[in-house]
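In this text, residue positions in the sequence shown follow my numbering: the first is 8, and each later residue adds one.
Every residue, glycine too, gets a C-beta built ideally from N, C-alpha and C.
Below is one structure; the comments refer to it alone.
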Amino acid sequence: MRKLKIQRRHDKANSDKGRRMVEKILAAARDVLINEGYPNLTMRKIAQRAGITLGNLSYYYANKQDLLYDLVDAVLEGYRADFDSITENAAHSPQQQLAEIIRFVMRDLTTKETTHFFPELWALANHDRRAADCMENIYRMERGTLAKVIARMRPDLSAKDVALLALFLSASMEGHTMFIGHNAKHRRAAEPITNIAAHSFLALIETVTPASIRTLGKQHSAKGGRTRLAS
Numbered sequence: 008m009r010k011l012k013i014q015r016r017h018d019k020a021n022s023d024k025g026r027r028m029v030e031k032i033l034a035a036a037r038d039v040l041i042n043e044g045y046p047n048l049t050m051r052k053i054a055q056r057a058g059i060t061l062g063n064l065s066y067y068y069a070n071k072q073d074l075l076y077d078l079v080d081a082v083l084e085g086y087r088a089d090f091d092s093i094t095e096n097a098a099h100s101p102q103q104q105l106a107e108i109i110r111f112v113m114r115d116l117t118t119k120e121t122t123h124f125f126p127e128l129w130a131l132a133n134h135d136r137r138a139a140d141c142m143e144n145i146y147r148m149e150r151g152t153l154a155k156v157i158a159r160m161r162p163d164l165s166a167k168d169v170a171l172l173a174l175f176l177s178a179s180m181e182g183h184t185m186f187i188g189h190n191a192k193h194r195r196a197a198e199p200i201t202n203i204a205a206h207s208f209l210a211l212i213e214t215v216t217p218a219s220i221r222t223l224g225k226q227h228s229a230k231g232g233r234t235r236l237a238s
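Dropping the structure here:
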C-alpha cells in the first residue's frame with residue numbers, strides 16, 4: 008500500500024500521537040473502501056479495521072464525509088511527493104522525467120489499491136459535489152506535473168497548448184485502468200502497453216506543432232471524414 012501523506016490542518020493531528028491516530032484511521036478507511044466498496048464504508052467498520060472504539064473514531068471524525076475528504080487529500084499529497092521526486096531530479100532530462108512519470112502512472116494503474124480506490128471515487132463524484140472537487144484536485148495535480156515537464160521539453164509551445172497536451176496524456180493514461188488494472192483481462196499486457204505509451208507520448212510531445220493541434224480535424228473533415236483502412 009502507498010504511504011498516506013497527512014495534512015497538518017487536522018486539529019487533532021498536531022501532536023505525534025494524534026497524527027499517528029489520524030494516519031491509522033485513514034489507512035483503515037482506505038482498506039475498507041478498496042476491499043469492500045463505498046457502500047460498506049461505515050464508521051463502525053472503519054473503527055473495527057483501525058482497532059479502536061467507535062467513540063474514539065468520532066473524536067477524530069464526526070462523520071464519514073469529512074473522513075473521506077481527508078483520505079482523498081492524503082492520497083493526493085502522497086502522489087504529489089512522488090511526482091515532485093521525479094520532476095525535481097536535475098540529473099534527468101525533461102524527456103527522461105516525462106518517461107518516468109508515464110511509467111509511474113501506468114504501473115500504478117495495475118495495483119489493486121488504484122484499480123479499486125479511484126473507480127469508487129469516480130462513482131461517488133457523480134452524486135457528491137465535494138467528492139467531485141476532491142477527484143478534480145487529484146487529476147489537476149497530475150496534469151500540472153505533466154505540464155511542467157512538457158513545458159521544459161517544448162518551451163516554444165503556448166501555455167494553452169501545453170495544458171491541452173497534459174490533459175490528453177492524463178486522460179489517455181487513466182483510461183487504461185479498466186483494461187490493465189488489477190485482475191483486468193489485459194493485466195498481463197501492462198508492461199508492453201506501458202512501453203508503447205512512453206514511446207508514443209514522448210514522440211508526440213517532441214513533434215507536435217500548434218498547427219497540428221488546431222487543424223488536423225479540419226483537414227480530415229475536408230477530405231471526407233475518417234481515413235479508411237485498406238482491406
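On the DSSP letters alone, give me the boundaries of the alpha helix (DSSP H) that His123 sits inside.
The sequence position of residue 123 within the sequence shown is 116, counting from 1. Note, His123: alpha helix (DSSP H), 119-132.
If you draw a straight line from the C-alpha of Asn47 to the C-alpha of Ile41, how long is it?
The residue labelled residue 47 in the question sits at position 40 within the sequence shown. The residue labelled residue 41 in the question sits at position 34 within the sequence shown. Using only the alpha carbons, I get a separation of about 10 Å.
Is His123 close to chain C? Criterion is C-beta to C-beta, closer than 8 Å.
Judged by its chain identifiers, the structure shown contains no chain C, having just a single protein chain.
If we call anything under 8 Å between Cβ atoms a contact, is Ala35 one with Ile53?
Position 28 of the sequence shown, counted from the first residue, corresponds to residue 35. Position 46 of the sequence shown, counted from the first residue, corresponds to residue 53. Taking 8 Å as the Cβ cut-off, Ala35 and Ile53 qualify as a contacting pair.
Given a threshold of 16 other Cβ atoms within 10 Å of its Cβ, counted over all protein chains shown, does Glu149 qualify as buried or as exposed?
Start at 1 with the first residue of the sequence shown, and residue 149 comes out as number 142. Under this definition Glu149 is a buried residue.
Taking Val29 as the reference, which of Tyr45, Ser179, Val39, Leu11 has the closest Cα?
Locating residue 29 in the sequence shown gives position 22, where the first residue counts as 1. Nearest C-alpha to Val29: Leu11.
Taking Thr201 as the reference, which of Ile187, Phe124, Asn96, Asp135 has the closest Cα?
Within the sequence shown, the letter at position 194 stands for residue 201. Measuring from the Cα of Thr201, the nearest candidate turns out to be Ile187.
Under the three-state DSSP convention, the category Glu95 falls into
By 1-based counting over the sequence shown, the position of residue 95 is 88. Coil, per DSSP.
Buried or exposed by the 16-neighbour rule on C-beta atoms within 10 Å, applied to Leu75
In the sequence shown, counting from the first residue as 1, residue 75 sits at position 68. Counting Cβ neighbours within 10 Å, Leu75 comes out buried, since at least 16 surround it.
What does a CB cutoff of less than 8 Å around Ala97 pick up in its chain, not counting 5 residues either side in sequence?
For this step, residue 97 is matched to residue 90 along the sequence shown. Counting only Cβ-Cβ distances below 8 Å, and skipping sequence neighbours, we find nothing.
Let me check understanding here. Comparing Cα to Cα, which of Gly58, Asp23, Gly85, Ala106 lies closest to Phe208?
Counted from its first residue, the sequence shown places residue 208 at position 201. The residue with the shortest Cα to Cα distance from Phe208 is Ala106.
Boundaries (first-last residue) of the alpha helix (DSSP H) holding Val169
Residue 169 sits at position 162 when you count from the first residue of the sequence shown. Its alpha helix (DSSP H) spans residues 166-181.
Cα separation between Ala173 and Leu64?
For the purposes of this step, residue 173 is taken as residue 166 along the sequence shown, with counting starting at 1. For the purposes of this step, residue 64 is taken as residue 57 along the sequence shown, with counting starting at 1. Near 40 Å, if we compare the C-alpha coordinates of Leu64 and Ala173.
Does the stretch 150-166 come within contact of the stretch 210-217, defined as at least 3 CB pairs closer than 8 Å?
yes
Distance check for Met113 and Glu84, CA to CA, integer angstroms please.
For the purposes of this step, residue 84 is identified with residue 77 of the sequence shown, where counting begins at 1. For the purposes of this step, residue 113 is identified with residue 106 of the sequence shown, where counting begins at 1. Spanning the two alpha carbons is a distance of roughly 19 Å.
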